[in-house]
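Protein sequences, first through last, are from chains A and B.
Counted from 1, the first sequence has number 371 at position 371 by the working numbering; the numbering is strictly sequential.
Counted from 1, the second sequence has number 1190 at position 190 by the working numbering; the numbering is strictly sequential.
Using N, Cα and C, we set each Cβ at its ideal position, and we do this for glycine too.
Number of protein chains: 2
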Amino acid sequence: MDGGVCAAAGFLAGSLKAGIKRVFSEKDDLAVVLSESPCVAAGVFTQNRVQAAPVLISKKNLGSGCHRGVVLNSGNANACTGEQGLADAEEMCRLAAEKFGGSQENYLVCSTGRIGVPMPMEKVRDGFDGLPERLSCEGNREAAVAIMTSDTHPKEAAFSFSLGGKQVKVGGMAKGAGMINPNMATMLCVITTDAELDGKLAQQILADVVERTFNRITIDGDMSTNDTVLLLGNGKSGVKIMEDDAEATGAFTEVVERVCADLARMIVGDGEGTTKIVEIDLRGASSLADAKKAAEAVANSVLLKCAWAGQDPNWGRIVDALGYSGADFDPSAIDIFYDELHLVKGGQLGPADPKKVKQVAEKQEFTITIDLGGGDATYRVLSSDLTEEYVRLNLSE
Amino acid sequence: MDGGVCAAAGFLAGSLKAGIKRVFSEKDDLAVVLSESPCVAAGVFTQNRVQAAPVLISKKNLGSGCHRGVVLNSGNANACTGEQGLADAEEMCRLAAEKFGGSQENYLVCSTGRIGVPMPMEKVRDGFDGLPERLSCEGNREAAVAIMTSDTHPKEAAFSFSLGGKQVKVGGMAKGAGMINPNMATMLCVITTDAELDGKLAQQILADVVERTFNRITIDGDMSTNDTVLLLGNGKSGVKIMEDDAEATGAFTEVVERVCADLARMIVGDGEGTTKIVEIDLRGASSLADAKKAAEAVANSVLLKCAWAGQDPNWGRIVDALGYSGADFDPSAIDIFYDELHLVKGGQLGPADPKKVKQVAEKQEFTITIDLGGGDATYRVLSSDLTEEYVRLNLSE
């Protein structure tokens, strides 16, 4: 369904151009997602030791237990900005409270953009003056555009499910593009729902879903200082998700996962300069830790990502990446498939027709299934190719 | 001094074009380095779990304790080639013994090139027929060229020192280019010396030196199935290096390290598509493990390597890489210098003039000193930039 963060009942969004970017840009750069009534919130944040001011302030404010909305900006990460950065992130929450009600602690804040540059607070303050009139229940797309950095298109998803005759909606928006890696990267994501949530359960569901979606994508192996995934639930649907109600919890989790999986796939597909989505389906590992190590080494191999850009169904580089991954396996037991084609059998060239394998490598999306032949553990990661365009985009900020 | 692997007395080298590459190439691809008399050998090999046939055979033959030389080829890695690959690598040693004397076990073998393709043994056999007449004490440069793959120039180094009025020479050749990473990558290196060595001591010295040189360079974070560094000592100088003679051992180790350090730097400088050598000098870590993690995260950050290609003295990406490195540190204690310019102080923008920092980033070689401010542990790594040319070169093999 349409609607992104406004799909769920009682959520509004809006944005405008505050001029936060140092270089001139036509794009909006300040956005807000607001619940008409107080809501419950959960958050998952970057595991980077260096955490941006908005991450630290959002974590702190999550403790308040009562929420109204999220303020987001692109063009400045407010990271490595010291005490002033913390004060600026707090002021952004305070400005939101002044304009939209509640107190500073009721707001969360997300920033993305250049690191180490002080937030231009005068522009942010002026921006807030104009935000209230931009707010609407159709502002979702505008807000999704406002948080874009090098993304080429906005990313939104929404799904619904019925429980006891009532419809529950879950929608979200995300931005990604550069620095995407397991454990997230410069990615921001806000998910809204009109389900009624318990704070602790919401946190647990969000953490589980993020582990299976946003933590399984990689573009360049980097992880940013600002990564944030937030979930807001305002209860407007009249459906309460209780921990002891397995049916409701299961249905809700499934829909949150669909929203997150869709957004995660959009992020990989829109990675800087990427032209392909490559799914790594790792099987037959002797432990989950080994499966993860092996899958991530393949997904992050710069050499392999270049080969994918060249539509080269290279398997030597796959075997090589498995070999240095640190995973335990028998090299002579490895099987590798490009989609269903058996390219490597027992560690050596397999029976697949090279021309057909090449055709798979030419597709925009394909799956590389790797069977280590040593156990039952599995792991999946979404990766992408690495193109000259990626390098060009990252020569400087 | 000149001479590469032929600098030391009693070493010969030679090469020819056997036609091992599947695609037509004008370049020699089969080489031999030979000692006129039996010699002692030591070897350090890839830590990749998938090890090419020549690595496995060389490891086995090292056990013989008596050596004559090394056979090397480019154009085919003889990796992921199963039992046939092992038989082929052994046959290469046997062919060398037939042509140059001794037995199969006296020879070591190194291969580099495409993975998973059977070695074209008919061409190799024909090649061996022509090798003896190519052998000379001036064949070092030819051999250094023959082992090149995507290297743009051959890599040789040689130094000497005097002990008790006698001169000892140490020389070597290497190839690198792609897949260079700590713990080596598709790099081959042969070092020869006319010192008389004990096998156990030679192994210890080589392992120590490799740890401080070839294991401290990175181009693309990959590690190959074929990496090999060999040291041969034939005693022709009449100088014996004994473990209990600290002066001799120290002097010899220092010269081996100079040869390896020079070759390692050449490898980084000639990495595929690279235009810059960037030295990461990590200080102030609370442990060696943390220093290594932090330095390697910075040296391997794809985003940073792109910034260096763009001559952008980016520090946000440095702090970000430190943050996800897993090293323990206080973000507000980080100092970063581009050469001597103080770019980051206490985790925030420092006093350096941005224009001057930019000039450093425009140099072909510069040092980024990072002080974590938390202890005495240090680590150095040589890295390089990542250019569009690198991607172009690796679109396919």
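Skipping 5 residues on each side, what residues in its chain have a beta carbon closer than 7 Å to that of B/Asn-1078? Result list for B/Asn-1078: Ala-1052, Ala-1053, Pro-1054, Gly-1085, Asp-1088, Ala-1089, Ser-1111, Met-1119, in chain order.
A/Glu-388 versus chain B: which residues are under 8 Å apart at the beta carbon? Per Cβ cutoff of 8 Å: Glu-1388, Val-1391, Arg-1392.
How do the region 352-372 of chain A and the region 1160-1170 of chain B stand: do at least 3 beta-carbon pairs fall below 8 Å, yes or no? no
Give the secondary structure of A/Thr-17 by DSSP, where H, G and I count as helix, E and B as strand, and everything else as coil. One detail in the question is off: residue 17 of chain A reads as Lys in this sequence, not Thr. Note: A/Lys-17 maps to coil in three-state DSSP.
With H, G and I counted as helix, E and B as strand and the rest as coil, what does DSSP make of A/Glu-365? strand
Say whether chain A places a C-beta atom closer than 9 Å to the C-beta of B/Met-1179. With a pLDDT of 47 at B/Met-1179, under the threshold of 50, the modelled position of this residue cannot be trusted; read the value that follows with caution. Closer than 9 Å: yes.
Can a CB atom of chain A be found closer than 9 Å to the CB of B/Thr-1228? Look at B/Thr-1228: its C-beta is not under 9 Å from any C-beta on chain A.
Since I believe B/Glu-1279 is in contact with B/Arg-1380 (beta carbons under 8 Å), could you give me their beta-carbon distance rounded to a whole number of angstroms? Taking C-beta atoms under 8 Å as the contact rule, B/Arg-1380 and B/Glu-1279 qualify, at a distance of about 7 Å.
List, in chain order, every chain B residue whose beta-carbon is nearer than 8 Å to that of A/Asn-48. For a Cβ distance threshold of 8 Å, residue set Asp-1320, Gly-1323, Tyr-1324 of chain B lies close to A/Asn-48, ordered along the chain.
Pull the bridge partners of B/Lys-1175 from the DSSP assignment, please. B/Leu-1188
For A/Leu-349, go through chain B and note every residue whose CB falls closer than 7 Å to its CB, in chain order. Gly-1116
A/Leu-303 and A/Arg-317 closer than 9 Å at C-beta: yes
Does B/Cys-1093 come within less than 9 Å of chain A when only Cβ atoms are used? no
Hey, would you say A/Ser-398 sits closer than 9 Å to A/Ala-31, going by beta carbons? With chain A covering 1 to 397 only, the question about residue 398 of chain A has no answer from this structure.
Taking Cβ-Cβ distances below 8 Å as the criterion, which residues of the region 94-115 of chain A are in contact with chain B? Arg-114, Ile-115
Burial state of A/Leu-95, where buried means 16 or more other Cβ atoms lie within 10 Å: buried
With a cut-off of 9 Å, does the C-beta of B/Val-1040 fall near any C-beta of chain A? no
Whose Cβ in chain A lies nearer than 8 Å to the Cβ of B/Ala-1291? Per Cβ cutoff of 8 Å: no residues; B/Ala-1291 is ~15 Å from chain A at best.
Once DSSP output is grouped into helix, strand and coil, what is the label at A/Leu-197? strand
Run the CB neighbour count on B/Ser-1384, radius 10 Å, all protein chains shown included, and call it buried at 16 or more, exposed below. By the Cβ-count criterion, B/Ser-1384 is buried, with 16 or more other Cβ atoms from all chains shown falling within 10 Å of its own Cβ.
My parser needs the alpha helix (DSSP H) runs of 4 or more residues fully inside the region 1278-1309 of chain B; what are they? If we require 4 residues or more, the alpha helix (DSSP H) runs fully inside the region 1278-1309 of chain B come out as 1288-1300, 1302-1309.
With 16 other Cβ atoms within 10 Å as the buried cut-off, status of A/Val-23: exposed
Quick one: give me the first and last residue of the beta strand (DSSP E) that A/Lys-155 is part of. 155-163
Flag A/Leu-303 as yes if its beta-carbon sits less than 9 Å from any beta-carbon of chain B, otherwise no. Closer than 9 Å: yes.
Mind the definition here: the region 1002-1013 of chain B touches the region 1127-1142 of chain B only if three or more C-beta pairs lie below 8 Å; say whether that holds. yes
Thinking C-alpha only, which one of B/Phe-1100, B/Thr-1149, B/Ile-1191, B/Val-1117 is nearest B/Gly-1176? B/Thr-1149
Any idea what DSSP makes of B/Cys-1093, helix, strand or coil? helix
Cβ of B/Asn-1078 within 8 Å of any heavy atom in the ligand MG? For the structure depicted, the ligand MG is absent and the ligand set is empty, with no information on it obtainable.
Output needed in chain order: residues of the region 69-80 of chain A with a Cβ under 9 Å from some Cβ in chain B. Ala-77, Ala-79, Cys-80
Is the region 1357-1369 of chain B touching the region 1266-1281 of chain B in the sense that three or more CB pairs, one from each, lie closer than 8 Å? yes
Reduced DSSP category for B/Arg-1265 - H, G, I as helix; E, B as strand; rest coil: helix
Within 9 Å of any Cβ in chain A, is that where the Cβ of B/Thr-1225 sits? yes
Does the contact criterion of 3 or more C-beta pairs under 8 Å hold for the region 237-255 of chain A versus the region 192-205 of chain A? Yes, the region 237-255 of chain A is in contact with the region 192-205 of chain A.
If the cut is a Cβ gap below 8 Å, which residues of chain A does B/Phe-1329 touch? Arg-49
Taking C-alpha atoms, which residue in B/Glu-1026, B/Leu-1232, B/Arg-1049, B/Ala-1207 lies nearest to B/Ala-1146? B/Glu-1026
Among A/Lys-305, A/Asp-208, A/Leu-188, A/Asp-290, which one has its Cα closest to the Cα of A/Thr-228? A/Leu-188
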